[in-house]
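Here the structure comes first, spelled out in structure tokens, and everything after it is commentary.
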Amino acid sequence: MALPVHIQPTMVSVVCCFSLQNVNYTDHPLGYPNQDVFDPFFSSFNISDYSWLGDIDTLDFTINATSDHMFRDTSSPRPYYGDHFRTFRSQYLAVHGYLGVIVCIFGIFANVLNIIVLTRKDMISPTNAILTGLAVADMLVMVSYLPFCIHNYIRINQPPEQKFSYAWAVFTLFHAHFTVVCHTISTWLTVTLAVWRFLAVSFPAASKTWCSMPRAKCAILCTYLNCALFCLPVYLTFTIIEVAHNEKLFYRVSFSEIAQSNHQALEKVNFWIFSVLTKLIPCIALTGLSLGLIKVLYEANKRKQRLKNRVENDKTHDRTTRMLLAILLLFLITEFPSGIVALLSGILGKTFFDNVYLNLGEAVDLLALVNSAINFILYCSMSRQFRDTFASLFTPKIVSKWMAVPTEPNTTVDTTCV
Numbered sequence: 005m006a007l008p009v010h011i012q013p014t015m016v017s018v019v020c021c022f023s024l025q026n027v028n029y030t031d032h033p034l035g036y037p038n039q040d041v042f043d044p045f046f047s048s049f050n051i052s053d054y055s056w057l058g059d060i061d062t063l064d065f066t067i068n069a070t071s072d073h074m075f076r077d078t079s080s081p082r083p084y085y086g087d088h089f090r091t092f093r094s095q096y097l098a099v100h101g102y103l104g105v106i107v108c109i110f111g112i113f114a115n116v117l118n119i120i121v122l123t124r125k126d127m128i129s130p131t132n133a134i135l136t137g138l139a140v141a142d143m144l145v146m147v148s149y150l151p152f153c154i155h156n157y158i159r160i161n162q163p164p165e166q167k168f169s170y171a172w173a174v175f176t177l178f179h180a181h182f183t184v185v186c187h188t189i190s191t192w193l194t195v196t197l198a199v200w201r202f203l204a205v206s207f208p209a210a211s212k213t214w215c216s217m218p219r220a221k222c223a224i225l226c227t228y229l230n231c232a233l234f235c236l237p238v239y240l241t242f243t244i245i246e247v248a249h250n251e252k253l254f255y256r257v258s259f260s261e262i263a264q265s266n267h268q269a270l271e272k273v274n275f276w277i278f279s280v281l282t283k284l285i286p287c288i289a290l291t292g293l294s295l296g297l298i299k300v301l302y303e304a305n306k307r308k309q310r311l312k313n314r315v316e317n318d319k320t321h322d323r324t325t326r327m328l329l330a331i332l333l334l335f336l337i338t339e340f341p342s343g344i345v346a347l348l349s350g351i352l353g354k355t356f357f358d359n360v361y362l363n364l365g366e367a368v369d370l371l372a373l374v375n376s377a378i379n380f381i382l383y384c385s386m387s388r389q390f391r392d393t394f395a396s397l398f399t400p401k402i403v404s405k406w407m408a409v410p411t412e413p414n415t416t417v418d419t420t421c422v
């Protein structure tokens, strides 16, 4: 889920001759699946690729297998190993749509289950409230990406009248805004979760006051509202434009007049906001918090090795910290590389962006989708309480035969975390 990365218009906006309606992505000069260059839509909610919107100049040409020669001298290699990245992208596009659909369907279903389980009465806690907010944001990202993926990567032989209809342009504009907001929410809720857990393990006494349920709800609400306001520059950057060709009207999303004025100042704002503030800063913060959690776990294990008796609550506390640490590390693995590449795109300019970042866009999207979908597996594999609650909800007859029941009168269930 990458965000605006480049400070200048990055691709040629093209009005295509639609004489070839069934264009395979291998015939496309930029490798897009039947996207007839004037709609190389950003590599998704990685809308970091605002690149697809392109330059103010307009070309009119017929797409064919040799049109790549219009863009460069094929005798010289592309900089930054661009030929290798382009080959990778052209091959990967053949499977991206199907992989994206599979991950989205699984992720939507898994996050619905997360929400159901985490909101049960015996699971209610401040940490689980944040995890629920995270599941909602991740689910909404995949709900929006699923039709986008089908339209652009699977139904590649649609006639231009359908592919570039006004209704689809409206959805594309909505998708651009909605996925950026939801992914930004997901990012900062992950940071909130890390801060929450760090306070819990570092200041256990004070954390009961600092990390209360009312404050958790307030943190979630503020994250949702602030991220929606934070993305205001994106709302102003794009608009729907009408393109007439052969007495037919086609519609696409393009830069607004505001975005193109003042030497693309709004694009520069978008780059710094989304590449830095929603990518690198959260990743750097999560790296520091994760290292802090690892240090706390290490010190706790050393203390317990010196003690003969190990309290069950301590075991639960450690399991929860390890599970949340796994969530943070998964986020870093999927987000940090795209943040670094996005920053390099801004520093090194259009050439690096076109040859490296654009060609990695769909792969980065899939990593982000996996990150949004896989938390259910982490919960099931690392949280006994989550497993027990899930089993009691969906397989109650089976669970009643084998699930352990507390026998001591003072036994309680720890619901301070997953």
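Residue numbers 5 to 422, in the numbering used here, belong to the letters of the sequence shown in order. Just so it is clear, CB atoms sit at the ideal spot from N, CA and C, and this is done for glycine as well.
Consult DSSP for residue i and reduce its assignment to one of helix, strand or coil.
i, result
"N38", "Residue confidence for N38 is low, a pLDDT of 39 falling below 50, so the modelled location carries little weight and cannot support an answer."
"F259", "strand"
"E251", "coil"
"I244", "strand"
"G353", "coil"
"S387", "coil"
"P81", "coil"
"C287", "helix"
"C231", "helix"
"H267", "coil"
"R424", "The structure shown does not extend to residue 424, since the chain is modelled only from 5 to 422, so the question has no answer here."
"C222", "helix"
"Q162", "coil"
"I112", "helix"
"F394", "helix"
"C186", "helix"
Here's the rule I'm using: 16 or more other beta-carbon atoms within 10 Å means buried, otherwise exposed. How should residue i be labelled?
i, result
"E261", "exposed"
"N250", "exposed"
"V99", "exposed"
"G111", "buried"
"I134", "buried"
"K443", "Here the chain has residues from 5 to 422 only, and residue 443 is not among them."
"Q25", "Per-residue confidence for Q25 stands at a pLDDT of 29, beneath the threshold of 50, marking its modelled position as unreliable; no derived number is given."
"Q309", "exposed"
"F394", "buried"
Closest to residue i by C-alpha separation, out of the options, would be which residue?
i, options, result
"I106", "I154, G86, I344 and D126", "I154"
"F357", "A367, L150 and V345", "V345"
"S190", "L332, S387, F394 and D392", "L332"
"T123", "T399, P400 and Q389", "Q389"
"L138", "A198, L150 and T91", "A198"
"L203", "I337, I378 and T325", "T325"
"V374", "G343, F398, I337 and I351", "I337"
"L236", "Y149, N274 and Y302", "N274"
With a CB to CB cut of under 8 Å and the five nearest residues on each side skipped, what residues in its chain are close to residue i?
i, result
"L229", "none"
"Y239", "H181"
"F380", "A114, N115, L117 and N118"
"L382", "M327, A330, I331 and L334"
With a CB to CB cut of under 6 Å and the five nearest residues on each side skipped, what residues in its chain are close to residue i?
i, result
"G86", "N359"
"L57", "Here L57 scores only 36 on pLDDT, less than 50, and its place in the model is too uncertain to base an answer on."
Enumerate in chain order the residues of its own chain whose CB-to-CB distance from residue i is below 7 Å, with the five nearest sequence positions on each side excluded.
i, result
"S169", "Y255"
"A232", "V185"
"A141", "C186, I189, S190 and L193"
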